[in-house]
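What follows is a short report on a single structure.
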Amino acid sequence: MRPAVRIAVYRIVQEDLTNIQQHGAASAVEITVRFSPRRLRIQIRDDGQGFDTQQVMLSPPADHFGLIGMRERATSVGGTLRIESTWGRGSQVILEVPNTESRLESGE
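Put into structure tokens, the structure is as follows:
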């Protein structure tokens with residue numbers, strides 16, 4: 001995986017864990033990592049307080065652009081970021097990025 005992709009993935013995971021610690025009031029976090037020849041998929045789930053994803057993405061509080069930055073980082077390396085949350089039921093972030101080196105090696 002290209003260094004730029006590795007750095008973006010690291011920063012996205014770092015930001016999400018920081019958000020959970022600072023805002024989520026979670027008692028547990030589960031991280032699932034799946035790596036295949038075609039893609040990397042990371043799922044981060046917590047049992048925290050949850051939030052209104054639409055409100056935060058459309059009009060983030062002043063100086064709180066973490067979720068938007070996470071999505072921009074994912075997009076910048078050809079990936080996607082899905083954020084799901086429900087008040088009182090925690091949150092889930094799913095990051096998927098292509099493994100471009102494998103695709104290049106196979107001629108795709």
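Reading the sequence shown from the start, the letters are residues 1 to 108 in our numbering.
Glycine is no exception: its CB is placed at the ideal position from the N, C-alpha and C atoms.
The structure presented is a predicted model; accordingly, all values stated were derived computationally and were not measured.
Work out the CA separation of residue j and residue i for me, nearest whole Å.
i    : j   : result
R11  : V5  : 10 angstroms
G196 : M57 : Not covered by the structure: residue 196. The range shown for the chain is 1 to 108.
I7   : R34 : 17 angstroms
V97  : G79 : 4 angstroms
G107 : G88 : In this prediction, G107 scores a pLDDT of 48, lower than 50, which makes its location untrustworthy; the coordinate-derived value is nonetheless stated afterwards. Cα to Cα, the separation comes out at about 47 angstroms.
T100 : T75 : 14 angstroms
The alpha helix (DSSP H) that contains residue i, what's its start and end?
i   : result
V56 : T53 to L58
D16 : P3 to N19
S76 : G66 to S76
Less than 8 angstroms between the C-beta atoms of residue i and residue j, yes or no?
i   : j   : result
D46 : I20 : yes
V93 : D16 : yes
L40 : M1  : yes
L95 : I42 : yes
G50 : T18 : no
V9  : I44 : no
What does residue i pair with, by DSSP beta-bridge criteria?
i   : result
D46 : V29 and S91
R34 : R41
E96 : R41 and T80
Does residue i pass the burial test, meaning 16 or more other C-beta atoms within 10 Å, or should it be called exposed?
i   : result
G90 : buried
G48 : buried
R73 : buried
A28 : exposed
G24 : buried
Starting from residue i, trace the beta strand (DSSP E) both ways and give me its first and last residue.
i   : result
S85 : T80 to T86
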